[in-house]
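Chains A and B are the protein sequences, given in the same order. According to the numbering used here, the stretch in the first sequence is residues 1 to 259, in order. According to the numbering used here, the stretch in the second sequence is residues 1001 to 1241, in order.
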Amino acid sequence: MRLTLHVWRQSGPRDAGRFVRYDVTDVSPDMSFLEMLDVLNQQLLGRQEEPIAFDHDCREGICGACGMVINGRPHGPQHATTTCQLHMRTFPDGAALWLEPWRARAFPVVKDLVVDRSAFDRVIAAGGFITARTGSAPEANSTLVPKRDADLAMDAAACIGCGACVAACPNASAMLFVAAKVSHLGLLPQGQPERATRVVSMVAQMDAEGFGACTNHGECMAACPKEISIDFIARLNRDYLKAVARPKPQAVKANGGDV
Amino acid sequence: MTPPTPPTAPTSPTVATPTRSGFVRSLVGKKVIMAVTGVILFLFVVGHLAGNLKVFEGPADFNAYAEGLRTVGAPFLARGQLLWAVRAVLLVSVLLHIWAAIAVTRASWAARPIGYHALTRTETTYAARTMRWGGVIIFLYVIYHLLDLTFGAVNPSFVPGDVYHNLVASFERWPVSAVYIAAVIVVGLHIDHGLWSAFQTLGLNRPPTFRWRRGIAAAIAVLITAGYVAIPVAVLTGTVR
Chain A
1 MRLTLHVWRQ SGPRDAGRFV RYDVTDVSPD MSFLEMLDVL NQQLLGRQEE
51 PIAFDHDCRE GICGACGMVI NGRPHGPQHA TTTCQLHMRT FPDGAALWLE
101 PWRARAFPVV KDLVVDRSAF DRVIAAGGFI TARTGSAPEA NSTLVPKRDA
151 DLAMDAAACI GCGACVAACP NASAMLFVAA KVSHLGLLPQ GQPERATRVV
201 SMVAQMDAEG FGACTNHGEC MAACPKEISI DFIARLNRDY LKAVARPKPQ
251 AVKANGGDV
Chain B
1001 MTPPTPPTAP TSPTVATPTR SGFVRSLVGK KVIMAVTGVI LFLFVVGHLA
1051 GNLKVFEGPA DFNAYAEGLR TVGAPFLARG QLLWAVRAVL LVSVLLHIWA
1101 AIAVTRASWA ARPIGYHALT RTETTYAART MRWGGVIIFL YVIYHLLDLT
1151 FGAVNPSFVP GDVYHNLVAS FERWPVSAVY IAAVIVVGLH IDHGLWSAFQ
1201 TLGLNRPPTF RWRRGIAAAI AVLITAGYVA IPVAVLTGTV R
């Protein structure tokens, strides 16, 4: 296969960045997208040029490290597939491909196609701990979870935090990510004690990071490699409303409540 | 190509306690305000249509309905009291709706300072993409609509109290009817996306609503649009004169 790549090159956070054209030959249809970039980088190194920086780790679609916008679609055109699991046979011979980083104020470009997704880590950190006994593993069935809740919690927990939802959103909103993280704990009995403070803290951190507001386009769901549904966004909204509406616990004086 | 903004300084996570001021500050809270006021305005649009369709019952009934809006609640309420109370609620709703929309839009525009070479649309709809400018169009049209049929300032022969006559006099001019039909179609698109969005924003996605919310919203939007469009069409074709 022959390909024409237009790759976003940006030497660092303060560089303006630009598209650079590369003609790649001898691409096997069986290569993964990242292997194709590895081949191009070998050629660039041979020509004493700077290789293209891109994020990757497991290359089996489960770590969430990789990701770039390929011809206007985060992770490329194939449904429910991370960039590392995308194969070159997806594209026709001679295809022209535009490769861009996730574009969001909250995801500053580190270099080329690599963005800093620490904002997601800080949103998760804002969620805080869950109250759980530590020590030896409890007996498996000591806390019963209805099958439907367990399945739904697992659907939310499938989020790998790749950021494709933000990249695909016309508003650069992180609602699908935050909704998934809020929901997978909110659906389980272990997540109940901090349920209200968790959702409020994570939503506050999401806003502080500079993500946009959800306007229900649904693009995030279409781009998500783990097929996480926007039903979780409604669940987040409901949890948030409940947390704000819920009466705050009041201190009771020793005399039984008469202040 | 504009130079990129320097990386945002890492903000340290804090555990926030649920507060009402935090609710208003948050984008989720603003969306809820937009959804609640949107539902209020939607209910007005439904009620307004139900009243307007009385135009097909003739001048006497239609004018009696308009007068009834002022005398409803008598003798407990003074003339026009309830009407003005409703108008106050609607005005506050409109202002809050617009305020929330501007705040949310500004946040979203700021969230992506450097755009894509191309971003392919896969899931979004025409209605979803036209919410912002559609809202501006509706706002401008409502001002004209009030000047035409409520205040009579731009009506060709305004007679206070004879709303049937005012309506016919205005819609007899085909450009006015054409603009009205166009505006009502924008309202229909706004309701189509807005109504199902309200379900989503208010967290109402439990069975049995969630499977049907998009279809229900679209059906309601089509019915409302058709109902409103029928009025100028009836005037232009001479059914209502």
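Using N, Cα and C, we set each Cβ at its ideal position, and we do this for glycine too. From a predicted model like this one, the values you see are computed outputs, not experimental measurements.
Could you give the DSSP three-state label for residue i: helix, strand or coil?
i	result
residue 102 of chain A	coil
residue 1116 of chain B	coil
residue 1056 of chain B	helix
residue 1030 of chain B	helix
residue 207 of chain A	helix
residue 225 of chain A	coil
residue 29 of chain A	coil
residue 1007 of chain B	At residue 1007 of chain B the pLDDT is 49, less than 50, meaning the model places this residue with poor confidence; the figure from the coordinates comes in the next sentence. Note: residue 1007 of chain B maps to coil in three-state DSSP.
residue 248 of chain A	coil
residue 1193 of chain B	helix
residue 1097 of chain B	helix
residue 141 of chain A	coil
residue 231 of chain A	helix
Between residue i and residue j, what straight-line distance do the alpha-carbon atoms span, to the nearest angstrom?
i	j	result
residue 1114 of chain B	residue 104 of chain A	7 Å
residue 17 of chain A	residue 100 of chain A	10 Å
residue 1006 of chain B	residue 106 of chain A	The pLDDT assigned to residue 1006 of chain B is 49, lower than 50, so where the model puts this residue is not dependable, and the model offers no usable value.
residue 172 of chain A	residue 71 of chain A	17 Å
residue 1098 of chain B	residue 1196 of chain B	18 Å
residue 200 of chain A	residue 1102 of chain B	23 Å
residue 237 of chain A	residue 1109 of chain B	22 Å
residue 1161 of chain B	residue 1149 of chain B	11 Å
residue 1055 of chain B	residue 1164 of chain B	7 Å
residue 1001 of chain B	residue 191 of chain A	Only weak support exists for where residue 1001 of chain B lies, its pLDDT of 46 falling under 50; the value from the coordinates is given anyway. Straight-line Cα distance between these residues: approximately 46 Å.
residue 1073 of chain B	residue 1086 of chain B	13 Å
residue 1062 of chain B	residue 1031 of chain B	37 Å
residue 120 of chain A	residue 248 of chain A	28 Å
residue 115 of chain A	residue 1179 of chain B	47 Å
residue 159 of chain A	residue 1077 of chain B	57 Å
Does chain B have any CB closer than 7 Å to the CB of residue i?
i	result
residue 185 of chain A	no
residue 157 of chain A	no
residue 177 of chain A	no
residue 180 of chain A	no
residue 94 of chain A	no
residue 87 of chain A	no
residue 240 of chain A	yes
residue 211 of chain A	yes
residue 207 of chain A	yes
residue 231 of chain A	yes
residue 255 of chain A	no
residue 102 of chain A	no
residue 105 of chain A	yes
residue 251 of chain A	no
Under a CB-based cut-off of 7 Å, is residue i close to chain A?
i	result
residue 1188 of chain B	no
residue 1138 of chain B	no
residue 1102 of chain B	no
residue 1001 of chain B	With a pLDDT of 46 at residue 1001 of chain B, under the threshold of 50, the modelled position of this residue cannot be trusted; read the value that follows with caution. At least one chain A Cβ lies under 7 Å of residue 1001 of chain B.
residue 1007 of chain B	For residue 1007 of chain B, the pLDDT reaches just 49, beneath the cut-off of 50, and the residue's location in the model is therefore unreliable, leaving the point undetermined.
residue 1039 of chain B	no
residue 1023 of chain B	yes
residue 1113 of chain B	yes
residue 1126 of chain B	no
residue 1201 of chain B	yes
Which partner residues does residue i have in the DSSP bridge list?
i	result
residue 87 of chain A	A/32
residue 1084 of chain B	Answer is none; residue 1084 of chain B lacks a bridge partner.
residue 21 of chain A	A/6
residue 107 of chain A	A/104
residue 173 of chain A	A/212
residue 277 of chain A	Coverage of chain A is limited to positions 1 through 259, which leaves residue 277 of chain A absent and any answer about it impossible.
residue 115 of chain A	A/109
residue 97 of chain A	A/5
Can you tell which of the options has the C-alpha that lies nearest to the C-alpha of residue i?
i	options	result
residue 1237 of chain B	B/1134, B/1020 and B/1171	B/1171
residue 131 of chain A	A/225, A/185 and A/219	A/185
residue 1136 of chain B	B/1042, B/1183, B/1154 and B/1221	B/1183
residue 1235 of chain B	B/1177, B/1142 and B/1217	B/1177
residue 1225 of chain B	B/1189, B/1214, B/1201 and B/1212	B/1189
residue 183 of chain A	A/239, A/58, A/163 and A/167	A/239
residue 75 of chain A	A/23, A/41, A/227 and A/175	A/227
residue 91 of chain A	A/242, A/58, A/3 and A/180	A/3
residue 1156 of chain B	B/1204, B/1146, B/1122 and B/1173	B/1173
residue 1080 of chain B	B/1088, B/1070 and B/1089	B/1070
residue 37 of chain A	A/63, A/98 and A/15	A/98
residue 981 of chain B	B/1168, B/1037, B/1050 and B/1092	As displayed, chain B neither begins before 1001 nor continues past 1241, which places residue 981 of chain B out of reach and without an answer.
residue 164 of chain A	A/21, A/43 and A/82	A/82
residue 10 of chain A	A/207, A/162 and A/50	A/50
residue 1122 of chain B	A/216, A/223, A/139 and A/96	A/223
residue 44 of chain A	A/29, A/209 and A/20	A/20
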